[in-house]
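Enquirer: My structure is below; once you've seen it, I'll send some questions.
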Amino acid sequence: MPVVEEFNFISFNSRQHALYFSQLLKNAGYDSQIISTPKGVALGCGLSVKFSPHITSNVYNIYKQSRLPIVGFYSMKRIGNYRELVRIPLK
Numbered sequence: 119m120p121v122v123e124e125f126n127f128i129s130f131n132s133r134q135h136a137l138y139f140s141q142l143l144k145n146a147g148y149d150s151q152i153i154s155t156p157k158g159v160a161l162g163c164g165l166s167v168k169f170s171p172h173i174t175s176n177v178y179n180i181y182k183q184s185r186l187p188i189v190g191f192y193s194m195k196r197i198g199n200y201r202e203l204v205r206i207p208l209k
């Protein structure tokens with residue numbers, strides 16, 4: 119059975135903004151991880167903040183309050199060697 123991994127992430131224009139936003143999530147009690155931006159997203163600084171799809175609405179609210187410039191919100195699903203990258207539209 120192939121390995122399935124599903125996560126959401128925000129791609130940033132600035133490495134400093136990515137690190138700062140990750141700290142905002144940690145301070146709010148949410149787990150996140152700094153990752154290299156997946157190659158399907160060609161823009162940005164190369165760093166993204168990865169988080170569980172289950173907390174996307176909470177992460178979005180923190181993003182709105184922070185007003186940091188971003189490339190976008192994305193969803194990544196990996197099933198074996200297959201990868202599906204979808205941009206999540208902002209409200």
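If you read the sequence shown in the numbering used here, its first letter stands for residue 119, the second for the next number, and so on. All C-beta atoms in this analysis are idealised placements derived from N, C-alpha and C, irrespective of residue type, glycine included.
Restricting to runs no shorter than 3 residues, where is the beta strand (DSSP E) found entirely within the segment 149-182?
Expert: 151-154 and 165-169, all fully within the segment 149-182.
Enquirer: So, for Arg-205: in the same chain, excluding its five sequence neighbours on each side, which residues have a beta-carbon less than 6 Å away from its beta-carbon?
Expert: Against the sequence shown, residue 205 aligns to sequence position 87. Same-chain partners within the cutoff: Gly-190 and Tyr-192.
Enquirer: State the CB to CB distance for the pair Phe-139 and Phe-169, rounded to an integer number of angstroms; the pair is presumed to be in contact (CB under 8 Å).
Expert: Residue 139 sits at position 21 when you count from the first residue of the sequence shown. Residue 169 sits at position 51 when you count from the first residue of the sequence shown. About 10 Å separates the two Cβ atoms, so there is no contact after all.
Enquirer: Give the single residue among Leu-165, Gly-147 and Ala-146 whose Cα lies nearest to the Cα of Leu-137.
Expert: If you number the sequence shown from 1, residue 137 lands on position 19. Of Leu-165, Gly-147 and Ala-146, the residue nearest in Cα terms is Leu-165.
Enquirer: Please report the straight-line C-alpha distance between Asn-131 and Pro-156, rounded to a whole angstrom.
Expert: Numbered from its first residue, the sequence shown carries residue 131 at position 13. Numbered from its first residue, the sequence shown carries residue 156 at position 38. Taking the straight line from one Cα to the other gives about 14 Å.
Enquirer: Checking 7 Å against the spacing of the C-beta atoms, do Val-159 and Ser-129 come in under that value?
Expert: Here residue 159 is taken as the residue at index 41 of the sequence shown, counted from 1. Here residue 129 is taken as the residue at index 11 of the sequence shown, counted from 1. Contact flag set, yes.
Enquirer: With respect to 6 Å, is the separation between the Cβ of Val-204 and the closest non-hydrogen atom of the ligand COA below this value?
Expert: No copy of the ligand COA occurs in the structure displayed, which carries no ligand at all.
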